[in-house]
Amino acid sequence: MLKKLQCAAAGLLLAAASTLANAGGAANAPLMRFVLPSVTPGSEVQVTYFHLLLRLALEKTDGPFSIEFYPYELTSPRRALELKRNGVINIMWDGTNAQRERDLLPIRISLVRDLNDYRVFMIRKEDEARFHDVRSLADLRKLTAGAGLNWPSVDVLRHNRLPVETTVNYSSLFPMLKARRFDYMPRGVHEAWAEEQVYGKDGLMVEPTIFLHYRVPFYFFVGKDNKAMAQRVERGLKLAQADGSFDKLLNGYPAFQRALAEIAARKRKVFELELPSGTAGGSSK
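Quick note: the sequence shown uses this note's numbering, first residue 134, plus one each step.
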């Protein structure tokens with residue numbers, strides 16, 4: 134079903150982009166072609182939000198454009214490599230870190246405001262009581278986190294002396310958690326409940342009492358040579374912020390609504406993590 138949704142969304146985007154390209158052709162402006170990585174099924178946010186936000190930004194700026202998806206799944210390190218060398222994709226969304234900002238060109242407007250700064254845990258259901266007893270970072274250091282190899286969170290967790298087990302493939306993390314390769318998986322507060330819907334049948338759940346908090350803005354990235362592309366996207370995002378359409382799109386997603394409510398409820402213990410020296414914390418605005 135999610136695969137069908139992904140294909141349908143891509144088809145709608147391509148149709149809309151083609152219309153825009155034809156409409157702009159009279160002005161003889163060159164077509165600006167955007168190729169996104171394939172989306173990971175499992176979340177409405179991943180399947181639709183980020184490319185609809187990109188489309189919103191482009192519609193607010195001048196010139197024809199097209200939006201496409203690369204048809205094959207790429208790991209996070211491979212996505213960054215393809216952008217760096219102008220390969221099979223030319224734009225992606227992800228959390229920022231110092232290495233990514235050295236290699237790529239970030240568009241410094243956080244795509245999910247500050248929601249990516251708040252982390253909840255995916256855990257095994259039988260361990261819920263165990264996490265109720267975690268009252269400090271010292272307690273949490275007795276447990277092991279799981280994360281993607283190239284995720285910005287890995288450096289932050291290790292800097293704060295939190296043990297981390299990594300893997301290249303996002304989809305491998307859930308069976309690894311189930312198999313007790315690690316004890317918890319920090320997830321963005323806007324990501325976790327959609328994953329719980331998918332993996333709850335495997336005995337996993339969202340831990341209800343703890344937030345990790347540290348700044349990891351979520352940006353669009355392009356290759357360093359694609360300055361015109363970056364400038365257009367940045368201009369469009371700022372226009373969308375100014376006229377309220379950015380927030381209207383974000384607030385229309387139940388995942389973001391729940392995340393905002395979870396933060397506002399102030400019912401969780403909040404463990405503040407220190408960022409490593411030189412971390413590209415940036416702005417979440």
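For every residue, glycine included, the Cβ atom is placed at its ideal position computed from N, Cα and C.
query                                                                                                                      : result
Among V355, A397, G369, R399, nearest to L214 - alpha-carbon criterion                                                     : V355
Simplified DSSP state of L273, which is helix, strand or coil                                                              : helix
Cβ-Cβ distance between L216 and L237 below 8 Å                                                                             : yes
Beta-bridge pairing of A278 - partner residues as DSSP gives them                                                          : V297, Y317
Where E405 sits in the DSSP three-state scheme                                                                             : strand
Beta-carbon contacts of N219 that lie in its chain and below 6 Å, excluding the five residues immediately before and after : G356
Cβ-Cβ distance between A280 and V297 below 8 Å                                                                             : yes
Inter-residue spacing [alpha-carbon to alpha-carbon] between L207 and N283                                                 : 12 Å
Beta-ladder partner(s) of L306, from DSSP                                                                                  : Its beta-bridge partners do not exist; DSSP assigns none.
Cβ pair I222, F353 closer than 8 Å                                                                                         : no
Among V403, R211, K258, the one whose alpha carbon lies nearest that of P203                                               : A small correction: the amino acid at residue 203 is Tyr; Pro does not occupy that position in the sequence shown. Closest by alpha carbon: R211.
H184 classed as buried or exposed, judged by whether at least 16 other C-beta atoms fall within 10 angstroms               : buried
Reduced DSSP category for D335 - H, G, I as helix; E, B as strand; rest coil                                               : helix
Cβ neighbours of R291 in the same chain (closer than 7 Å, five flanking residues each side left out)                       : V297
Inter-residue CB distance, E340 and E261 (contact presumed, cutoff 8 Å)                                                    : 7 Å
Option in L186, R399, S199, G228 with minimal Cα separation from F167                                                      : S199
Residue of R268, L186, T194 minimising C-alpha distance to A361                                                            : T194
4-residue-minimum alpha helix (DSSP H) runs that sit fully inside the stretch 320–394, ordered along the chain             : 325–332, 360–376, 378–384
Own chain, CB closer than 6 Å to E367, minus 5 neighbours either side, in chain order                                      : I240
Proximity to E329 [Cα-Cα], best of V253, N230, L244, G196                                                                  : V253
Counted within 10 angstroms of its Cβ, other Cβ atoms place R188 as buried (16 or more) or exposed                         : buried
Residue interval of the beta strand (DSSP E) (run including V168)                                                          : 165–169
Distance CB(L186)-CB(L244) smaller than 8 Å                                                                                : yes
Coil, strand or helix - S199 by DSSP                                                                                       : strand
Beta-carbon proximity list for M309, same chain, < 8 Å, skipping 5 on both sides                                           : G279, E298, T300, F315
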